[in-house]
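Colleague:
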Amino acid sequence: MNYSQMSELARKVEALLFVSPSPVTERELREALGVSGRELRNALSELAGVLDAENHGVYLRNIAGDWVIETCPELSETVGNFRDNAGKKRVRLSRAAIETAAVIASKQPVTRSEIDEIRGVNSGSPLAKLLELGLVRTAGRKKEGRPSLLYVTTVKFLEVFGINDIGDIPAPEEIDTEEEAT
3 MNYSQMSELA RKVEALLFVS PSPVTERELR EALGVSGREL RNALSELAGV LDAENHGVYL
63 RNIAGDWVIE TCPELSETVG NFRDNAGKKR VRLSRAAIET AAVIASKQPV TRSEIDEIRG
123 VNSGSPLAKL LELGLVRTAG RKKEGRPSLL YVTTVKFLEV FGINDIGDIP APEEIDTEEE
183 AT
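Numbering-wise (the numbering used here), the sequence shown opens with residue 3 and increments by one.
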């Protein structure tokens, strides 16, 4: 059997194990999938067989009765090098910085005083962090009123937040906040 012929249940097991941050018990898998122990064991066996037969970069492993998808040991150096380098690119933002970035993304070009007014607090520190990380940049000065710097998002902002185009960000009125609150 090849990967494209794998049963729907085996594919679901694979997906659950892939997203799980830790090994998963058979009971957790059975309950999540609504299947019997026998069906689950057959799906696990099928998944293991496909991953082994097709020489994938990952394999199915049983650790003290729990299941996990792990990187094949012979690829550990490659994965370790990637993880070390990818970790350096990871961006960690405070809630204030995320709020500030959201305001800039939705209102750009926008001044700091406009950001402060929308957020209701001083945005100097989170704005400085966003500039330092290259997620936003200055785009000139506001012409009317008090001359103030204008801020816009960068291509790096799109990359970090996984957005293809700034137009893909929903407007605040398009976000269903009722659903999130429940």
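All residues carry an ideal CB built from backbone N, CA and C; glycine is no exception.
#1: In the DSSP assignment, the beta strand (DSSP E) including residue 44 goes from what residue to what residue?
#2: Taking the alpha carbon of residue 142 as the reference point, which residue from 110, 117, 7, 158 has its own alpha carbon closest?
#3: Beta-carbon separation of residue 99 and residue 171 under 8 Å?
#4: For the beta strand (DSSP E) holding residue 142, just list the boundary residues, first then last.
#5: Return the first residue and the last residue of the alpha helix (DSSP H) that residue 162 is part of.
#6: Return the CA-CA distance between residue 63 and residue 20, expressed in angstroms with no decimal places.
#7: Determine the burial state of residue 125: buried for a count of at least 16 other Cβ atoms within 10 Å of its Cβ, exposed for fewer.
#8: Would residue 123 and residue 152 qualify as a contact pair, given that the criterion is a beta-carbon distance under 8 Å?
Modeller: In short:
#1: In the sequence shown, the residue the question calls residue 44 occupies position 42. Unbroken run through residue 44 is the alpha helix (DSSP H), 39-55; no beta strand (DSSP E).
#2: Mapped onto the sequence shown, residue 142 falls at position 140. The residue with the shortest Cα to Cα distance from residue 142 is 110.
#3: On the sequence shown, residue 99 is found 97 positions in, with the first residue counted as 1. On the sequence shown, residue 171 is found 169 positions in, with the first residue counted as 1. Going by C-beta atoms, residue 99 is not nearer than 8 Å to residue 171.
#4: Residue 142 sits at position 140 when you count from the first residue of the sequence shown. Taken as a continuous stretch (DSSP letters only), the beta strand (DSSP E) holding residue 142 covers 138-143.
#5: Taking the first residue of the sequence shown as position 1, residue 162 is located at position 160. Segment 157-163, the alpha helix (DSSP H) holding residue 162.
#6: Mapped onto the sequence shown, residue 63 falls at position 61. Mapped onto the sequence shown, residue 20 falls at position 18. Between residue 63 and residue 20, the C-alpha separation is close to 12 Å.
#7: Numbered from its first residue, the sequence shown carries residue 125 at position 123. So residue 125 ends up on the buried side.
#8: As a working mapping, residue 123 is identified with position 121 in the sequence shown. As a working mapping, residue 152 is identified with position 150 in the sequence shown. No, they are not a contact pair.
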